[in-house]
Amino acid sequence: MSRVGKKVIAIPAGVKVNEKDSVVLVEGPKGKLQWTLPQGISIAVEGAELTVSRADDSRRLRALHGTNRSLLNNMITGVSQGFVKELEIIGVGFRAAVKGKILDLSLGKSHPINHAIPDGLTVTVTDNTKVRVEGVDKQLVGQFAAEVRGYYPPEPYKGKGVRYAGENVRRKEGKSVGK
Numbered sequence: 003m004s005r006v007g008k009k010v011i012a013i014p015a016g017v018k019v020n021e022k023d024s025v026v027l028v029e030g031p032k033g034k035l036q037w038t039l040p041q042g043i044s045i046a047v048e049g050a051e052l053t054v055s056r057a058d059d060s061r062r063l064r065a066l067h068g069t070n071r072s073l074l075n076n077m078i079t080g081v082s083q084g085f086v087k088e089l090e091i092i093g094v095g096f097r098a099a100v101k102g103k104i105l106d107l108s109l110g111k112s113h114p115i116n117h118a119i120p121d122g123l124t125v126t127v128t129d130n131t132k133v134r135v136e137g138v139d140k141q142l143v144g145q146f147a148a149e150v151r152g153y154y155p156p157e158p159y160k161g162k163g164v165r166y167a168g169e170n171v172r173r174k175e176g177k178s179v180g181k
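The working numbering applies: residue 3 is where the sequence shown begins, and numbers increase by one.
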């Protein structure tokens, strides 16, 4: 039995979990999400607890058991608390701004970078250099933050670029003049 898969998921107050034809709908104060369970994986809601089970011990279902339990746990956490990723922009003249549904980035290139903000995400910019991405879908929040970071990852010599808040960037020593 999967160690992760057999863990029981606690459902907080204010969160409703419904299943119909292997489609799980999770609703909470922050929003709602849905997930289609693969064939052979099922859920059972008993009071304020959710358990994920599998039909048999085939290799495919053993692989999917823990994964689907984690995805459902992330959905419940997302609709009750939400997920947040914070980015820092470091560099002279580097800045960010939100213009409607577009994140406008100036990262030292010859052109501004306009990144569309998907539905379901809230992006706020403070001090022109701190970007906060919030949403109920963990995958969507992480993907958006990774795409923004990918435009100019932190470089090891001066440390310029877009980094996650609190990310440690290993710095390298520049060229040294030899004799």
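The beta carbon of each residue, even a glycine, is placed where N, CA and C say it ideally should be.
Looking at Val-127, His-67, Val-164, Lys-160, the one whose alpha-carbon comes closest to that of Gly-176 is Lys-160. Nearest C-alpha to Leu-109 among Ile-119, Leu-123, Ile-92: Ile-92. Per DSSP, Phe-96 has no beta-bridge partner at all. Bridge pairing for Lys-177: absent [DSSP]. Here Arg-71 carries a helix assignment [DSSP, helix/strand/coil]. Judged by DSSP secondary structure, Leu-142 falls outside any beta strand (DSSP E) and instead within the alpha helix (DSSP H) spanning 140–152. Annotation for Lys-9: no beta strand (DSSP E) segment contains it, and DSSP assigns it neither H nor E.
By the neighbour-count criterion, in which 16 or more other beta carbons inside 10 Å mark a residue as buried, Ala-50 falls on the exposed side.
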